[in-house]
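A.B. asks: Following this message is one structure expressed as structure tokens.
Laid out in structure tokens, this is it:
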């Protein structure tokens with residue numbers, strides 16, 4: 002027997018359910034199924050009865066074919082996610098001839114399972130014939146209904162949510178019960194559209210643990226009544242103010258461990274580690290061995306401009322190794338680029354390897370941040386400025402103990418500022434920077450893995466006018482995107498082509514677009530999911546200290562053909578003071594942003610960290626699979642991150658019924674008013690796709706501000722008539738138990 006803890010979902014049932022019956026008594030629950038697999042391949046046709054007998058799950062093969070002892074039985078008891086997996090080898094005393102023969106029973110050695118939850122015993126079981134890979138039995142054995150379809154219905158009619166499992170009930174029979182979170186600030190139960198509903202304040206939500214019956218892959222309907230309170234997009238999940246220095250830079254080290262590097266006023270650089278949970282809700286600085294200081298800044302100068310990159314990944318209990326680079330004041334206001342290596346353990350403890358390297362070329366006293374790019378576990382490249390306005394690209398070797406050794410290979414650039422490396426293909430990398438006359442330049446290089454030899458491949462001026470602070474990301478195939486500040490201080494995003502050999506396409510530029518009307522300083526772009534990208538920037542130069550400096554967020558869609566679309570523009574995440582923001586994804590649609598923020602009362606630690614939720618993921622969603630949401634001006638839905646919108650400033654703070662369907666061909670978004678009248682129907686062609694299977698839990702009301710009631714998820718794409726019906730008949734929402742009759746509507750099931 003193999004015991005494991007997993008949220009792994011059972012794959013889609015191969016066979017078609019022909020018959021399913023259940024009888025409920027005080028001592029047993031019996032489920033009978035006959036499943037067969039259509040098509041030319043081998044099929045398995047059996048009838049298996051499952052029941053609870055004396056507190057034990059019991060299964061009997063009643064008719065059909067014998068099953069081999071390789072047959073798998075997967076059982077999930079009392080809605081917990083630690084499941085047990087058996088083969089018939091584990092039941093030798095119950096079966097004969099090395100097979101499960103007709104009339105034989107197997108009894109699971111689970112012990113008496115009665116009383117494991119408030120609703121009595123519950124067993125979810127799947128039996129798989131491994132010869133044909135057919136699921137020959139699936140059922141929920143419980144005192145109640147056995148469900149035949151995936152999905153769930155949440156009426157929110159509870160009188161109180163206590164913040165424990167089985168708190169927010171699913172009435173579909175699938176037992177997809179939710180948990181109201183967080184415990185000390187749970188969503189409030191209010192008078193909803195039908196009896197009780199839920200009120201969400203952007204910080205609370207209901208979490209429904211993922212399982213087979215909400216992992217829907219073919220056709221789906223997601224529907225709810227929603228009454229929003231705001232059109233604002235940003236949802237803060239956590240803040241950590243005044244804990245870092247200036248110009249912070251962040252990377253993920255391993256799992257939930259992150260490292261921030263910054264500079265303190267008039268003293269030194271600061272390396273710190275912290276734990277950020279995958280949902281972004283909890284951020285804690287590592288208290289022991291969780292920080293290290295380096296470098297020296299003279300007086301009140303803040304010129305270190307440190308950067309960090311990960312060189313070696315952790316392997317089991319071995320630590321990760323990071324490399325940092327910064328502009329160090331060696332005395333007399335003379336700055337040289339210095340590098341150090343550190344080991345960071347799995348718990349976030351920092352250990353200096355005692356290895357450092359000072360590069361010989363003197364840099365400017367107000368230099369830019371150097372840039373690092375890992376090539377292999379033992380080779381790295383750095384780009385940095387010299388005090389004559391030029392720059393150097395140099396390869397470095399990193400030994401297993403952290404020793405840093407320059408190779409014999411440099412590439413000299415007569416004018417180089419604000420360098421930014423990005424990977425292209427294997428040993429080929431690009432470097433975007435501000436060159437002579439402040440022009441925007443991208444050069445491509447090949448870095449030899451063994452020797453560090455540098456070969457310049459090609460060059461392209463992506464902007465003949467001034468282009469400051471470039472940041473480049475790969476989009477798809479040969480398409481890349483650069484975001485930068487123009488000569489008029491506006492943010493520009495431009496897509497372009499680089500071939501796998503490092504040469505630019507015949508006409509490199511594809512599209513360009515201005516990000517916003519406000520000024521755009523130090524823009525930073527990251528990829529989220531699918532074709533969605535996020536950009537953060539400040540509206541003032543980072544040399545200032547203005548309390549009115551804002552931090553902005555923009556959401557982009559960058560297509561495989563180089564297309565650019567702004568889907569959410571110019572929303573603020575910081576209004577008091579924000580300089581040099583850097584954004585990093587920590588999970589699907591959850592980000593961490595670090596920046597120089599409000600002064601912190603003279604603490605000398607103005608560095609702020611916030612975690613925010615991706616603007617689209619508000620309301621009802623399950624990772625990338627599906628979501629619906631609304632605010633006072635927009636209703637939005639998506640399947641596989643393919644988004645569909647309805648914009649209407651008249652939506653306001655009113656109840657609307659929102660429905661999203663996908664039938665394998667079209668994504669359709671319906672909006673009905675409080676009386677069930679159709680306001681809008683929007684369709685997007687999206688043929689022949691499976692809905693994404695994701696281990697992410699289902700969230701109800703997360704990052705949402707307003708009221709939600711009567712949520713329903715069906716394993717069918719309801720037609721127009723059925724959608725209209727459920728928006729008008731609040732008391733008949735139990736669509737898994739009732740047919741929709743009348744009004745010339747076909748039944749759902």
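Residue numbers (the numbering used here): 2 to 750.
Note that beta-carbon positions come from the ideal geometry of N, C-alpha and C, so glycine has one too.
Leaving out five residues before and five after residue 194 in sequence, what residues of the same chain have Cβ atoms less than 7 Å from its Cβ?
C.D. replies: Cβ neighbours of residue 194 beyond the five flanking positions: 226, 656, 710, 711 and 731.
A.B. asks: On a CA-only basis, which of 92, 107 and 156 is nearest residue 714? Give me that one, please.
C.D. replies: Residue 156 is the option with its Cα nearest to residue 714.
A.B. asks: Within this structure, are the beta carbons of residue 647 and residue 670 separated by less than 8 Å?
C.D. replies: It is a contact, given that the beta carbons lie within the stated cut-off.
A.B. asks: Apart from the five residues on each side of it in sequence, which residues of its chain come closer than 7 Å, Cβ to Cβ, to residue 425?
C.D. replies: Around residue 425: 431, 445, 499 and 503.
A.B. asks: How should residue 90 be labelled, buried or exposed, when 16 other C-beta atoms within 10 angstroms of its C-beta is the threshold for buried?
C.D. replies: Exposed: under 16 other Cβ atoms inside 10 Å.
A.B. asks: By a C-beta neighbour count over all protein chains shown, 10 Å radius and 16 as the cutoff for buried, is residue 175 buried or exposed?
C.D. replies: Classification of residue 175: buried, given that the 10 Å Cβ count is 16 or more.
A.B. asks: Is it true that the segment 505-517 meets the segment 572-579, where meeting means three or more beta-carbon pairs spaced less than 8 Å apart?
C.D. replies: Output reads no: the segment 572-579 does not touch the segment 505-517.
A.B. asks: By alpha-carbon positions, which one of 490, 277 and 310 ends up nearest to residue 591?
C.D. replies: Comparing Cα positions, the closest option is 277.
A.B. asks: Considering only DSSP beta bridges, list what residue 347 is partnered with.
C.D. replies: According to DSSP, which records beta bridges pairwise, residue 347 is partnered with nothing at all.
A.B. asks: Taking only the alpha-carbon atoms, compute the straight-line gap between residue 23 and residue 49 and give it to the nearest angstrom.
C.D. replies: Note that residue 23 has pLDDT 29, beneath the 50 cutoff, so the model's placement of it is unreliable and the number below is only indicative. If I take the Cα positions, the gap works out to 12 Å.
A.B. asks: Give every residue of the same chain whose Cβ lies closer than 6 Å to the Cβ of residue 292, excluding the five residues on either side of it in the sequence, and list them in chain order.
C.D. replies: If we look at residue 292 and ignore the five residues flanking it on each side, its Cβ neighbours are 273.
A.B. asks: Just reading off the beta strand (DSSP E) that residue 472 is part of, what are its end residues?
C.D. replies: Segment 455-477, the beta strand (DSSP E) holding residue 472.
A.B. asks: Which residue marks the beginning of the beta strand (DSSP E) containing residue 710, and which one marks its end?
C.D. replies: Where residue 710 is concerned, the enclosing beta strand (DSSP E) stretches over 706-715.
A.B. asks: Is the distance from the Cβ of residue 687 to the Cβ of residue 668 below 8 Å?
C.D. replies: For residue 687 and residue 668, yes; Cβs fall inside 8 Å.
A.B. asks: Just curious, the alpha helix (DSSP H) that residue 202 is in, first and last residue?
C.D. replies: No alpha helix (DSSP H) contains residue 202, which is instead part of the beta strand (DSSP E) from 197-202.
A.B. asks: Find out if the Cβ-Cβ distance for the pair residue 324, residue 338 is shorter than 8 Å.
C.D. replies: Contact: no.
A.B. asks: What are the residues that DSSP puts in a beta bridge with residue 542?
C.D. replies: DSSP output for residue 542 lists no bridge partner at all.
A.B. asks: Exposed or buried, residue 551, counting other C-beta atoms within 10 Å across all chains shown (16 or more means buried)?
C.D. replies: When all chains shown are included, residue 551 counts as buried.
A.B. asks: Going by DSSP, which residues form a beta bridge with residue 106?
C.D. replies: Partner(s): 61.
A.B. asks: Look at residue 696 and residue 247 and say whether their C-beta atoms are less than 8 Å apart.
C.D. replies: Cβ atoms of residue 696 and residue 247: not closer than 8 Å.
A.B. asks: DSSP on residue 215, reduced to helix/strand/coil?
C.D. replies: In the structure shown, residue 215 sits in a helix (DSSP, three-state: H, G or I).
A.B. asks: When you compare only the Cα positions, how much space is there between residue 265 and residue 610?
C.D. replies: Answer to the nearest angstrom: the Cα atoms are 16 Å apart.
A.B. asks: Hey, how far is the Cα of residue 544 from the Cα of residue 486?
C.D. replies: Rounded to the nearest angstrom, the two C-alpha atoms are 15 Å apart.
A.B. asks: Whole beta strand (DSSP E) runs in the segment 286-339 with 3 or more residues, listed along the chain?
C.D. replies: With a minimum length of 3 residues, the continuous beta strand (DSSP E) runs that stay inside the segment 286-339 are 292-295, 308-313 and 321-330.
A.B. asks: Flag this pair as touching only if the segment 194-204 and the segment 153-172 have three or more C-beta atom pairs under 8 Å; answer yes or no.
C.D. replies: Result yes; three or more Cβ-Cβ pairs closer than 8 Å.
A.B. asks: Using only CA atoms, which one of 520, 477, 599 and 501 lies nearest to residue 563?
C.D. replies: The shortest Cα separation from residue 563 among 520, 477, 599 and 501 belongs to 477.
A.B. asks: Report, in whole angstroms, the separation of the C-beta atoms of residue 568 and residue 593, which I expect to be a contact under 8 Å.
C.D. replies: Wrong, their Cβ atoms sit about 21 Å apart, outside the cutoff.
A.B. asks: Using only CA atoms, which one of 282, 294 and 286 lies nearest to residue 270?
C.D. replies: Out of 282, 294 and 286, 294 has the C-alpha closest to the C-alpha of residue 270.
A.B. asks: Please confirm whether residue 536 and residue 483 have their CB atoms less than 8 Å apart.
C.D. replies: No; because the gap between Cβ atoms is not below 8 Å, this pair is not in contact.
A.B. asks: Since residue 230 is in the beta strand (DSSP E), which residue starts that stretch and which ends it?
C.D. replies: No beta strand (DSSP E) contains residue 230, which DSSP labels as neither H nor E.
A.B. asks: Apply the 10 Å Cβ neighbour rule to residue 734 and answer buried if 16 or more other Cβ atoms are within range, or exposed otherwise.
C.D. replies: Reliability fails at residue 734, whose pLDDT of 45 lies under 50, so the model's placement of it is uncertain and the value that follows must be treated cautiously. Buried, since its Cβ has 16 or more Cβ neighbours within 10 Å.
A.B. asks: Under 8 Å, do residue 494 and residue 516 count as touching if we go by C-beta distance?
C.D. replies: Yes, the pair counts as a contact, with Cβ atoms nearer than the cut-off.
A.B. asks: Please classify residue 99 as buried or exposed, where buried requires at least 16 other C-beta atoms within 10 Å of its C-beta.
C.D. replies: That one is exposed.
A.B. asks: Pull up the distance between the alpha-carbon of residue 105 and that of residue 66, whole angstroms please.
C.D. replies: Cα-Cα distance, rounded: 12 Å.
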